[in-house]
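Everything on this sheet refers to the single structure shown next.
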Amino acid sequence: EIPERDDLFNTLRRMREFLKLEYPRYYWNPNYEPWLPSNFKMPEAGEHMPRAFAKALYAKAYYDGDRPMEKALQRFTDHIEQAQLPSIVLACFSINGGTGSGIMVDLAR
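What follows is the structure in structure tokens.
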């Protein structure tokens, strides 16, 4: 689901807060600007999503509001740990497109 433009940009403006909570040594950049320009044309559902937009959607889902991505990743982690076996997780993605290459590093960590 693609959030409303204002909701997405509110999340992007708060990224320093989210990063500081997750990474205590995060440098609080006083000149921070969201990586999506204010005149960015948001794609419709089903259209190609540029990397920067995919990363913004991931950030919204992981850090803000009800945090559905954080919850989904926690459920995944819980299932892996319940197996009590050595596990290997293989994450396949393409650096050619937008969505996979935009979120893979964040998702894998």
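With our numbering applied, the sequence shown has no gaps in its numbers, which climb one by one up to 516 at the end. Each residue gets a CB set at the ideal place from its N, CA and C atoms; glycine is no exception. If you're wondering where the values come from, they're calculated on a predicted model, not measured in any experiment.
Expected contact under 8 angstroms - CB spacing of residue i and residue j to nearest Å
{"i": "E477", "j": "Y469", "result": "5 angstroms"}
{"i": "A452", "j": "I409", "result": "6 angstroms"}
{"i": "L419", "j": "L443", "result": "6 angstroms"}
{"i": "I510", "j": "K462", "result": "6 angstroms"}
Exposure label - residue i; buried when at least 16 CB within 10 Å
{"i": "D414", "result": "exposed"}
{"i": "D471", "result": "buried"}
Option in the options with minimal Cα separation from residue i
{"i": "F460", "options": "P475, P441, L480, L492", "result": "P441"}
{"i": "P457", "options": "D513, A515, G507, K427", "result": "G507"}
{"i": "F447", "options": "G472, R474, A479, E411", "result": "E411"}
Straight-line gap, residue i to residue j (C-alpha atoms, nearest Å)
{"i": "E454", "j": "C499", "result": "21 angstroms"}
{"i": "G439", "j": "N417", "result": "Gly is not the amino acid found at residue 439; the sequence shown has Tyr there. Each residue's alpha carbon lies about 13 angstroms from the other."}
{"i": "M449", "j": "D513", "result": "21 angstroms"}
{"i": "S501", "j": "A515", "result": "14 angstroms"}
Problem - Cβ contact (3+ pairs, closer than 8 angstroms) linking the region 483-492 and the region 430-447 - result: Counting Cβ pairs under 8 angstroms, fewer than three are found: no touch.
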